[in-house]
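See structure below.
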Amino acid sequence: MHSHHSHSHLHSAFGRAAEMAVAPRGLTSELNALANATVQELSPYAHGLSGVDQTANYLFAAVLCVSLGGLCVLTLLFRWATMGNAHIRHLLTMSNPDRQVYWAQNHTSIWPKIKKHLLYAPLGRNRHNKEIQLSSAISIGTLPSRFHTLLLTVYLFSNIAYCLVLHWGTEDRAAVIAELRGRSGELAALNIIPTMLFAMRNNPLIPLLRVSYDTFNLLHRWCARVCAIESIVHTICYLVNVIDSVGYDGLKDNLATPSYAWGMVGTCAFTMIIVQAFSPLRHAFYETFLNLHRVLVLLGLIGVYVHLEKHNLPQTPYIKFVIILWGLEWLSRFVRVAYYNFSLKSGMSRAHVEALPGEACRVTFELARSWNYIPGSHVHVYFPTVGLWASHPFSVAWAETKPRSAPLEIEMEKLPSWNMPKHQSVISHYKTQISDSDGPEVTHVSLIIRARSGMTRKLYEKACASPSGMITLPGAMEGPYGGHEKLASYGTAVLFAGGVGITHCVGYVHRLLTQYSQGTCSTRRILLVWSVPTTEALEWARPWMDQILKMEGRKEVLRVQLFVTKPRNQNEVNSRTGTVQMFPGRCNPSTVLEKEVAEQVGAMGVVVCGPGAFADSVRAAVRKKVDVGNITFHEEAFTY
432 MHSHHSHSHL HSAFGRAAEM AVAPRGLTSE LNALANATVQ ELSPYAHGLS
482 GVDQTANYLF AAVLCVSLGG LCVLTLLFRW ATMGNAHIRH LLTMSNPDRQ
532 VYWAQNHTSI WPKIKKHLLY APLGRNRHNK EIQLSSAISI GTLPSRFHTL
582 LLTVYLFSNI AYCLVLHWGT EDRAAVIAEL RGRSGELAAL NIIPTMLFAM
632 RNNPLIPLLR VSYDTFNLLH RWCARVCAIE SIVHTICYLV NVIDSVGYDG
682 LKDNLATPSY AWGMVGTCAF TMIIVQAFSP LRHAFYETFL NLHRVLVLLG
732 LIGVYVHLEK HNLPQTPYIK FVIILWGLEW LSRFVRVAYY NFSLKSGMSR
782 AHVEALPGEA CRVTFELARS WNYIPGSHVH VYFPTVGLWA SHPFSVAWAE
832 TKPRSAPLEI EMEKLPSWNM PKHQSVISHY KTQISDSDGP EVTHVSLIIR
882 ARSGMTRKLY EKACASPSGM ITLPGAMEGP YGGHEKLASY GTAVLFAGGV
932 GITHCVGYVH RLLTQYSQGT CSTRRILLVW SVPTTEALEW ARPWMDQILK
982 MEGRKEVLRV QLFVTKPRNQ NEVNSRTGTV QMFPGRCNPS TVLEKEVAEQ
1032 VGAMGVVVCG PGAFADSVRA AVRKKVDVGN ITFHEEAFTY
């Protein structure tokens, strides 16, 4: 019966092929349709939904959606619980310091163990954000945390399991391959949704779940890898069945049709994305990677959409949703940038760039409109005259509203650093602008940008080339993003900064001191620990630290410890007051926390922002003490 059925298909197919051989050349579109129909008859398991178990596909797609949605719900409930706990702690201890004793202690042995061995734990012993380098020029990225590894493992193996639940008992090999083709195609199309969502700066899950963009970026990379692998499996299954049925000549005819041609474009684009996103390439040529990445994503989405739409497949709405999502992301970014950086009265935002010792720039944006600053937040900046397509994230160090600078410029001498000897290299001349008190008020947002490569290096060299060491150029700023962690409910706040990581911490210190003087926070002890390579780097935050050290109530709650890892001599490392201390050598976070835990007031919040190795050492120190007192750990990281 089966043999007779196959012979009839062959007879019909060869009959159509004979008709095609003598058909006039003007019937190109009809010939393509006939060629496609011929291949479909010769390879019934290589096209559309033939041989596909769509009921099972829908089932596993639903299971994947429910599992991802369930994870979001659990995360949301966890966030609500921790936020509620912090709010109650804030209300009870804000005006009654005697109640801090209760909140300084752990009241269960389970939660500290979960934090120590799962939530705060690196994958191995200590390494987490310290990059794994094969050489000084080749980095292969960082390791995920233990908790993130658990999530990624479950996600990866669940996708493998969904693909392997097939009718293995079927004798027809082509039928099993067709079923795998359908399953892998369904999951690949579905996984494009979280892949795109997790890559977005304006991902609505970030403020809702208070999960950092850095974490979502990690999830994005692994979702993309799974999606690409499933696309490749889908394509291989298609190729195997077509080649088994009609050979390579038939495959060539099949790929000449728009649906299969664009499907192959989509698979090739996704494969190229994974290759060019390989960590050493990504780190070495990041700006090139980013622009090529966007082009390949667009090409891949177009390819998949045409492939699905031509066959009218049920996965078409997935891709439509992704395209709409991506379009809305770019629209929201454009509107955000345009609103804060352009106005009819003042034109485009201006950026004042000042070259600093230690190969860094202090960049201050004058925004066209008022801007709500959130401590701990970051922004993405654009300098069209330096790097047209370049956009990089930087922590916001300082923001204040004051009159727009007048065009009048005078020469004045820069003050020496507040904690450094008066080295000639530090005392330099620069131009400053006199503020016009009658002018319109604008928000000034300041960042520190360390010169690395690409745009940041060009910006620094441009400022250095100016006789004054300072330039003004058009720029735009997108944000704020992040800043979800609030410290006002902690009796003790310990902030570790490594290098330019000080920009993440000074805003928190300023906000806590303001709240302390107003009586609106629970904080009674603030320790700012800043580790820098040389004393010259202290100039980066000098203007803001000057203001902080003059704030009301500062001496009652704030202590500053400065660690200079490579001082030129011992004489330049000295303490000015009992609350501002300088030490030569590396910071040992374990020693610092040992003392702070012994004198802890209320719950303790530990924040770190700095190089990977420094952040890992702070994480390790917190894990040692998390079961001794009530300690919460927050890390700000920009891994890419």
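Residue 432 is where the sequence shown starts when you use the working numbering, and the numbers rise one by one after that. The beta carbon of each residue, even a glycine, is placed where N, CA and C say it ideally should be. All values reported here derive from a predicted model rather than from experimental measurement.
> Taking Gly913 as the reference, which of Ser826, Gly930, Cys895, Pro898 has the closest Cα?
Replying inline: From the listed residues Ser826, Gly930, Cys895, Pro898, the smallest Cα separation to Gly913 is found for Ser826.
> Can you name, in chain order, every residue of its own chain whose Cβ lies under 6 Å from the Cβ of Leu727, other than the five neighbours on each side?
Replying inline: The residues Ala700, Met703, Ile704, in chain order, have a CB closer than 6 Å to that of Leu727 in the same chain once the five nearest residues on each side in sequence are set aside.
> What separation, rounded to the nearest whole angstrom, lies between the Cα atoms of Leu649 and Leu762?
Replying inline: Going by the C-alpha atoms only, they are around 24 Å apart.
> Which one of Lys1055, Ala1068, Gln485 has the shortest CA to CA distance from Lys544?
Replying inline: Per the Cα distances, Lys1055.
> Would you say the region 930-949 touches the region 811-821, given that touching needs at least three Cβ pairs under 8 Å?
Replying inline: No, the region 930-949 is not in contact with the region 811-821.
> Starting from Cys699 and walking both ways along the beta strand (DSSP E), at which residues does that stretch end?
Replying inline: From DSSP, Cys699 is part of no beta strand (DSSP E) but of the alpha helix (DSSP H) over 689-707.
>> Distance check for Thr646 and Leu582, CA to CA, integer angstroms please.
In response: Straight through space, the alpha carbons of Thr646 and Leu582 are spaced by roughly 12 Å.
> Short check: CB of Met886 to CB of Ala786, under 9 Å?
Replying inline: No, Cβ-Cβ distance for Met886 and Ala786 is not below 9 Å.
>> My assumption, with CB atoms under 8 Å, is that Cys792 sits in contact with Ala928. Please give the rounded CB distance.
In response: In fact, because the Cβ distance is near 18 Å, the residues do not count as touching under 8 Å.
>> Contact defined as beta carbons within less than 8 Å: I believe Ser962 pairs with Cys1018. What is the distance between those atoms, to the nearest angstrom?
In response: Their Cβ separation, rounded to whole angstroms, is 4 Å, which keeps Ser962 and Cys1018 in contact under 8 Å.
> What does a CB cutoff of less than 6 Å around Trp829 pick up in its chain, not counting 5 residues either side in sequence?
Replying inline: Cβ neighbours of Trp829 beyond the five flanking positions: Ser877, Trp975.
> Are Asn560 and Ala1068 touching if we call contact CB-CB under 9 Å?
Replying inline: Taking C-beta atoms as the reference points, Asn560 and Ala1068 count as a pair closer than 9 Å.
>> For Asp529, count the other beta carbons within 10 Å of its own beta carbon; 16 or more makes it buried, fewer makes it exposed. Which is it?
In response: With fewer than 16 other Cβ atoms within 10 Å, it is exposed.
>> Measuring straight from C-alpha to C-alpha, what distance separates Ala799 and Ala1034?
In response: Rounded to whole angstroms, Ala799 to Ala1034 spans 40 Å at the Cα level.
>> Need the endpoints of the beta strand (DSSP E) that Ile957 sits in, please.
In response: Its beta strand (DSSP E) spans residues 956-963.
> Grouping DSSP H, G and I as helix and E and B as strand, with all else coil, what is Ile571?
Replying inline: Three-state DSSP puts Ile571 in coil, outside helix and strand.
> Where do the N-terminal and C-terminal ends of the beta strand (DSSP E) with Leu989 fall, by residue?
Replying inline: From DSSP, the beta strand (DSSP E) with Leu989 extends over 989-995.
> What three-state label does DSSP hand Cys1018 in the structure shown?
Replying inline: Coil, per DSSP.
> Comparing alpha-carbon positions, which option in Leu918, His875, Val931 lies nearest Arg881?
Replying inline: Nearest C-alpha to Arg881: Val931.
> Alpha carbon to alpha carbon, what distance is there between Arg956 and Thr874?
Replying inline: Their backbone Cα atoms lie some 30 Å apart in a straight line.
> Using the rule of at least 16 other Cβ atoms within 10 Å of the residue's Cβ for burial, across every protein chain shown, is Tyr813 buried or exposed?
Replying inline: In summary, Tyr813 is buried, with 16 or more beta-carbon neighbours lying within 10 Å of its beta-carbon over all protein chains present.
> Does DSSP put Ser498 in a helix, a strand or coil?
Replying inline: The DSSP-derived three-state label of Ser498 is helix.
> How should Cys952 be labelled, buried or exposed, when 16 other C-beta atoms within 10 angstroms of its C-beta is the threshold for buried?
Replying inline: Buried, by the Cβ-count rule.
>> Once the 5 residues before and after Asp675 are set aside, which same chain residues still bring their CB inside 7 Å of it?
In response: Same-chain partners within the cutoff: Ala605.
> Where does Thr1070 fall in DSSP's three states?
Replying inline: Coil, per DSSP.
> Taking the C-alpha atoms as reference points, what is the distance between Leu550 and Glu740?
Replying inline: A direct Cα-to-Cα measurement between Leu550 and Glu740 gives close to 43 Å.
>> Quick check: Gly734 and Gly758, are their CB atoms within less than 9 Å of each other?
In response: Contact flag unset, no.
> Where does Leu732 sit, in a helix, a strand or coil, going by DSSP?
Replying inline: Here Leu732 sits in helix by DSSP.
>> Please return the same chain residues whose Cβ sits closer than 8 Å to the Cβ of Phe1014, not counting the five positions on each side in sequence.
In response: The answer, listed in chain order, is Gln992, Leu993, Phe994, Val995, Val1004.
> Going by Cα to Cα distance, which pick from His823, Trp802, Pro824 is closest to Arg831?
Replying inline: Here residue 831 is Glu; the residue named in the question, Arg, does not match the sequence. Out of His823, Trp802, Pro824, Trp802 has the C-alpha closest to the C-alpha of Glu831.
> Are the beta-carbon atoms belonging to Ile382 and Trp971 less than 9 Å from one another?
Replying inline: Only positions 432 to 1071 of the chain appear in the structure, and residue 382 is not among them; the question remains open.
> Taking buried to mean at least 16 other C-beta atoms within 10 Å of its own C-beta, is Asp1047 buried or exposed?
Replying inline: Flag for Asp1047 reads buried.
>> With a threshold of 6 Å on Cβ separation, who are the neighbours of Ser710 within its own chain once the five nearest residues in sequence on each side are excluded?
In response: Answer for Ser710: Ile571, Gly572, listed in chain order.
> If you check the beta carbons only, do Gly789 and Glu967 fall under 9 Å apart?
Replying inline: Closer than 9 Å, so yes.
> Which whole-angstrom value is the C-beta distance of Ile608 and Tyr476, which I expect to be below 8 Å?
Replying inline: Under the criterion of beta carbons closer than 8 Å, Ile608 and Tyr476 qualify as touching, at roughly 7 Å.
>> Which runs of the alpha helix (DSSP H) at least 4 residues long sit entirely within the region 602-659? Give them in chain order.
In response: Here the runs fully enclosed are 604-630, 636-640.
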